[in-house]
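Okay, structure first, notes after.
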Amino acid sequence: MSLKLYDTLTRSVRDFEPADPPRVRLYACGPTVYDHAHIGNYRSFLVYDLLHRYLKWSGYDVDFVMNLTDVDDKTIDRASEAGKDVREYTAPFTESILADARTLGILPARSYPLATGYVPQMVSWIERLEEKGLAYATEDGSVYFSIGAFPAYGRLKGLDPEFTRPGARVADDEYEKENVRDFALWKAAKPADEAVGAAWDSPWGRGRPGWHLECSVMSIAELGETLDIHMGGEDLVFPHHENEIAQSEGVTGQTFVRHWVHVKHLVVEGEKMSKSLGNTITVHELLEEGLGPAAIRHQLLGAQYRRELNFTRDGLAASAAAVQRLLDFEARLAETVGAGGVDGAGNRPPAADGGAPATATAESGGLAGPLARLADEAVEAFRTALEDDLNSAEALAALFVFVNRVNGELDAAAEVAQCDLEAARAALASMDEVLGLLSVAHEDLDVDDDFASEIESLIAERKAARGDKDFARADAIRDDLVERGIVLEDSAAGTRWKRVR
RNA sequence: GGCGCCGUAGCCAAGCGGUAAGGCAGAGGCCUGCAAAGCCUUUAUUCCCCGGUUCGAAUCCGGGCGGCGCCUCCA
């Protein structure tokens, strides 16, 4: 079995095969860094991360690059309002977006190229397009891509080839284009561009690159002429990615991208998220409200990436509970003491005390105990779900089936073999390498040493109170700790504590 | 208008021709000093509606109804 991924260009689920295994050249369209990124951006980033993590988990050597757009109309407008240079204006947002991504457990890309760092390369790319007759300059000093000269134009979006036919020159207010759909490769500088430092010298005069060009030039510069996977939000299919194909293949003559992956937009509380509705949510806000990053992660992975996902406050609470269930399960596995060790062949040693042989493995009739079998089944189901076009919802289900079955086994069994426990722990850790739920939650819930020792001493005090049947005191200690975000759980093995959101 | 997606329990969400995963929430029970955690039972005889194909359909086809996305430098 291997990964099957939907490909926008062929509109079909295809086997994923990198051109040069085990290397995978992975490129994603990142955000425009003019503000904090919103929850929709992060859905995309989390899908990028899911694919990134899954590929690594599967043994690929992933070279992941995500661009950051720091020069375009939005950054220029905002920088202008703030009276700052465009790079000076965008840098803090770049920082905050990447910081929030780290908090959400998004694995870093190898490189985050900025458009402003590639202007000379973009200029020479335009010159090559001109040489090939795919671009033309206009009198005002702008340069356009001529879609009529690129027969494959429109294939990604499935557009009628008719409309790429070169028509009469279309006189715009200020431009002169051969076809209304021709797009800017180079835009003549306006005073506002100059004011914020968003203008560069070029053979066509002062100006700035068109937005679409940066991805072609930067992805090829960083990863080579053919990318294995190019990802983005569904809104980027047209015109952005259509234009990237035209620019890239127009120059190289090579297939630009082997696999196009597009993430469906989410909705918020059942409505499209948009600035006009005033319902945009940024991850920055959610984190500042104290919502757990693992819960955000869980909700965003709760639907397969090509399905609409409804991001809600109620859903976030449900996700927080689901993450807690995982944490509790992990803690239970960690504190369960296994019976006996194993030799290299997985055989149980004779019981040291001469007692009855362990039933856990004996009843299973094999060397692998019930937990080890459940672990194998879970990882297999998990893998199968992800191989099926990154079905994260089904992968999560596989994980939770595992949690339920193992908990049941642990409740029922008198004792569990050490090797069996290890197998269960390893399976959980392995699945979390892809999901990143537990690791993010731990990062989030860490308690400093002082507080931890205070908790321990309160637990000791409570134990004494319970010993004296002073339940009022014992409960008061427990209630106070709950106020401080610490939940106590008594069991035969003693009292354990956990921090909750 | 063009292209495309979706309608499954109270909410979220899998399922891709073989007899309804999972999470959250709810009810009852076991365990517990009480809790928490965990487990067990329970919560859709049924998948928007109507036809059709099939031994068999939530799954395929046709027609409705309803919701949504992109086509505008929004991931």
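Taking the working numbering, the leading residue of the first sequence gets -1, the next gets one more, and so forth.
The beta-carbon is built from N, C-alpha and C at its ideal position, and this holds for glycine as well.
Asked                                                                                                   : Found
Distance, residue 211 Cα to residue 418 Cα                                                              : 54 Å
N- and C-terminal bounds of the beta strand (DSSP E) containing residue 186                             : 181 to 186
Boundaries of the beta strand (DSSP E) in which residue 62 is found, first to last residue              : 59 to 64
7 Å CB neighbourhood of residue 498 in its chain, flanking five on each side removed                    : 322, 483, 485
Cutoff 8 Å; reference residue 58; Cβ partners in own chain excluding five residues on either side       : 16, 19, 20, 21, 22
Three-state secondary structure (DSSP) of residue 207                                                   : strand
Sequence-distant residues of its chain with Cβ nearer than 7 Å to residue 74 (five each side left out)  : 84, 190, 191, 194, 196
Start-to-end residues for the beta strand (DSSP E) that takes in residue 401                            : Taken as a continuous stretch (DSSP letters only), residue 401 belongs to no beta strand (DSSP E), being part of the alpha helix (DSSP H) at 390 to 410.
Inter-residue CB distance, residue 231 and residue 139 (contact presumed, cutoff 8 Å)                   : Actually they are not in contact, since the Cβ atoms of residue 231 and residue 139 sit about 32 Å apart, beyond 8 Å.
Endpoints, alpha helix (DSSP H) assigned at residue 120                                                 : 117 to 129
Secondary structure of residue 177, DSSP reduced to three states                                        : coil
Boundaries of the alpha helix (DSSP H) in which residue 429 is found, first to last residue             : 416 to 433
Closest Cα partner of residue 12 within the set 53, 259, 198                                            : 259
Residue environment, residue 79, which counts as buried when at least 16 other CB atoms sit within 10 Å : exposed
Distance, residue 469 Cα to residue 459 Cα                                                              : 12 Å
Distance CB(residue 239)-CB(residue 183) smaller than 8 Å                                               : no
Candidates 368, 389, 431, 109: closest to residue 27 by CA position                                     : 109
Contacting residues, own chain, Cβ-Cβ under 7 Å from residue 337 (five flanking each side not counted)  : 356, 413, 414, 415, 416
Assigned secondary structure, residue 241 (DSSP; H/G/I helix, E/B strand, else coil)                    : helix
Cβ-based neighbour list, residue 7, same chain, cut-off 6 Å, excluding 5 preceding and 5 following      : 154, 258
Pair within 8 Å by beta-carbon distance, residue 392 and residue 2                                      : no
Euclidean distance between Cα positions of residue 37 and residue 281                                   : 6 Å
Uninterrupted beta strand (DSSP E) stretches inside the segment 268 to 341 (no shorter than 3 residues) : 307 to 309
Distance CB(residue 297)-CB(residue 317) smaller than 8 Å                                               : yes
The segment 223 to 230 contacting the segment 109 to 120, beta-carbon criterion three pairs below 8 Å   : no
Three CB pairs or more closer than 8 Å across the segment 111 to 130 and the segment 444 to 459         : no
Local Cβ density within 10 Å of residue 335, reported as buried at 16 or more and exposed below that    : exposed
Span of the alpha helix (DSSP H) around residue 43                                                      : 37 to 55
Meets three-Cβ-pair contact criterion under 8 Å: the segment 239 to 248 and the segment 213 to 221      : yes
Rounded distance between the beta-carbons of residue 44 and residue 438, thought under 8 Å              : Their Cβ separation, rounded to whole angstroms, is 11 Å, which puts residue 438 and residue 44 out of contact at 8 Å.
Residue 416 beta carbon near the ligand ATP (any heavy atom closer than 7 Å)                            : Inclusion of the ligand ATP in the displayed structure is not the case, the ligand content being empty and no account of it being possible.
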